[in-house]
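S.K.: Take any residue in the sequence shown, count from 1 to its spot, add 150: that is its number in this note's numbering.
A virtual CB, placed ideally from N, CA and C, is assigned to each residue, including glycine.
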Amino acid sequence: MFVGYSEFSMITILHTKDDLSKHLKSLKNKGETIGFVPTMGALHAGHLSLMEEAMSLTTTLVVSIFVNPTQFNNQNDLEKYPRDVSKDASIIQERLGSKNICIYAPTVEDVYDDEVSAKKYTYDGLENVMEGANRPGHFDGVGTILEFLFKLIKPDVSIFGEKDFQQLQIVKKLVKKLKLPIKIKGAAIHREPNMLAMSSRNERLSKAARMQAGFIFKSLELAKSHFKVHSVLQTEKYIEKLYAAQKDITLEYFTIADEKTLKTVTRKSKDRTCRAFIVAHIEGVRLIDNMKLD
Ligand code: AMP
151 MFVGYSEFSM ITILHTKDDL SKHLKSLKNK GETIGFVPTM GALHAGHLSL MEEAMSLTTT
211 LVVSIFVNPT QFNNQNDLEK YPRDVSKDAS IIQERLGSKN ICIYAPTVED VYDDEVSAKK
271 YTYDGLENVM EGANRPGHFD GVGTILEFLF KLIKPDVSIF GEKDFQQLQI VKKLVKKLKL
331 PIKIKGAAIH REPNMLAMSS RNERLSKAAR MQAGFIFKSL ELAKSHFKVH SVLQTEKYIE
391 KLYAAQKDIT LEYFTIADEK TLKTVTRKSK DRTCRAFIVA HIEGVRLIDN MKLD
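1) Taking only three categories from DSSP, how would you classify Val325?
2) If you follow the alpha helix (DSSP H) that Ile242 is part of, which residue opens it and which one closes it?
3) What residues are listed by DSSP as bridge partners for Met441?
4) With a 10 Å radius around its C-beta and 16 neighbouring C-beta atoms as the bar for buried, classify Lys313 as buried or exposed.
5) Tell me whether Ala363 sits in a helix, a strand or coil according to DSSP, three-state version.
6) Okay, do the region 236-252 and the region 330-349 touch, 3+ Cβ pairs below 8 Å being the bar?
7) Below 8 Å, how does it come out for the region 227-243 and the region 279-299: are there three or more Cβ pairs, yes or no?
8) Note the first and the last residue of the continuous beta strand (DSSP E) segment covering Leu164.
9) Count the other CB atoms within 10 Å of the CB of Gly196; is the residue buried (16 or more) or exposed (fewer)?
10) Ignoring anything shorter than 4 residues or poking outside the region 255-320, list the alpha helix (DSSP H) runs there in chain order.
11) What do you get for Met160, buried or exposed, if any count of 16 or more other CB atoms within 10 angstroms of its CB means buried?
12) How about Ala268 and Thr220: are their beta carbons less than 9 Å apart?
13) Hey, Thr209 and Thr183 are a contact pair by Cβ (cut 8 Å); roughly how many whole angstroms apart?
14) Mind checking Asn284: buried by the 16 CB within 10 Å criterion, or exposed?
15) According to the neighbour-count rule (16 or more other Cβ atoms, all chains shown, within 10 Å of its Cβ), is Lys420 buried or exposed?
16) If you draw a straight line from the alpha carbon of Gly311 to that of Lys335, how long is it in whole angstroms?
17) In terms of alpha-carbon separation, which member of His376, Ala430, Lys323, Ser308 lies closest to Gly364?
18) For Ala394, which three-state DSSP category applies?
19) Could you give the distance in angstroms between the alpha-carbon of Ala407 and the alpha-carbon of Ile253?
20) Do Ile295 and Leu170 have their CB atoms nearer than 9 Å?
21) Of all the options Lys442, Pro232, Asn226, which has the alpha carbon lying nearest to the alpha carbon of Val217?
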């Protein structure tokens, strides 16, 4: 393995909350600031860009790698989720070095003890649309794991990808509601050469399907041009028609919503920014993307 920073130092990987607490306590005593990037592993360049952003803002990076069972509403998706912490650690070490970086890769028991269940959260309605409506309980699971991680790690800054735009807005709300002194920052969507949004789930696609999935970004660009001269409804119908003509790609939803409230928009207005949100399925893999429209 090539190690950019030092041949002899290895990245710190901790598997229990007690070990992590001890480690962080000594860092904080030395005046280190903490940047935190939560992930479910199977790391790609999108994840790494979040880590680079955190490292540019703080002196120590904490990355969590944990496939959180309570945010999955589909058992098959949970079981098939790729897991390889050693490979992930090598990817981080090769790209970012090992100095001032710590990985927290707990077991389910370390996080949940005996009770693997989600707490209930309300996020002022942000949770009732799109991913919240289509994946019941998903944002309760997200809230449960993030409340646990935020209170354990107490980061100064935490970075989230705009790929999961609804999640980013919900995390900002969660931190506000829990009155946690953490700055939440969004980071741009990283894409593959054919503009498919990078995702750990892309690994499950055949080569041909992965190429075809570039259509999702193309459809968002078409939606953006269409929206310039047509109404919200006309744009939604146009996109639905595009997908109806696709043999191998199925549309789950396409919605135009207000970026801040995430409420579906029915009419254009200068007072808000609209964003298109899409979920499509290829070879049984659920792919998500979004794009600012104006
Ligand atoms: P995940 O491991 O899928 O839970 O994602 C961990 C974090 O990485 C989340 O904040 C995601 O929004 C972010 N992320 C995932 N894919 C991308 C991407 N293609 N570009 C930017 N951020 C991403």
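M.R.: Let me spell this out:
1) Sequence index remark: in the sequence shown, residue 325 carries index 175 (1-based). Helix.
2) Translated into positions along the sequence shown, residue 242 becomes position 92. Start and end: 235-246.
3) Along the sequence shown, one-based indexing puts residue 441 at 291. Note: Met441 sits in a beta bridge opposite Ala426.
4) The count along the sequence shown starts at 1 and reaches residue 313 at position 163. Flag for Lys313 reads buried.
5) By one-based count along the sequence shown, residue 363 stands at place 213. Three-state DSSP puts Ala363 in coil, outside helix and strand.
6) no
7) No, they do not touch.
8) The residue you call residue 164 lines up with position 14 of the sequence shown. Element bounds for Leu164: 162-164.
9) Counting from 1 along the sequence shown, the entry for residue 196 is found at position 46. The residue is buried, with at least 16 neighbouring Cβ atoms inside 10 Å.
10) 258-262, 280-284, 288-303
11) Counted from its first residue, the sequence shown places residue 160 at position 10. When all chains shown are included, Met160 counts as exposed.
12) Within the sequence shown, residue 268 is the residue found at index 118, counting from 1. Within the sequence shown, residue 220 is the residue found at index 70, counting from 1. Cβ distance < 9 Å, so Ala268 and Thr220 count as in contact.
13) By one-based count along the sequence shown, residue 209 stands at place 59. By one-based count along the sequence shown, residue 183 stands at place 33. Correct: roughly 5 Å between the Cβ atoms.
14) Your numbering for residue 284 matches position 134 in the sequence shown. Counting the other CB atoms within 10 Å of its CB gives Asn284 a total below 16, which places it among the exposed residues.
15) In the sequence shown, the residue the question calls residue 420 occupies position 270. The residue in question, Lys420, is exposed, as its Cβ has fewer than 16 Cβ neighbours within 10 Å.
16) Within the sequence shown, the letter at position 161 stands for residue 311. Within the sequence shown, the letter at position 185 stands for residue 335. Going by the C-alpha atoms only, they are around 8 Å apart.
17) Taking the first residue of the sequence shown as position 1, residue 364 is located at position 214. Minimum Cα distance to Gly364 is reached at Ala430.
18) Taking the sequence shown and counting its residues from 1, the one referred to as residue 394 is at position 244. Note: Ala394 maps to helix in three-state DSSP.
19) Locating residue 407 in the sequence shown gives position 257, where the first residue counts as 1. Locating residue 253 in the sequence shown gives position 103, where the first residue counts as 1. The alpha-carbon atoms of Ala407 and Ile253 are separated by roughly 36 Å.
20) Taking the sequence shown and counting its residues from 1, one reaches residue 295 at position 145. Taking the sequence shown and counting its residues from 1, one reaches residue 170 at position 20. No, the pair does not count as a contact, with Cβ atoms beyond the cut-off.
21) To locate residue 217, count along the sequence shown from 1; it is residue 67. The residue with the shortest Cα to Cα distance from Val217 is Pro232.
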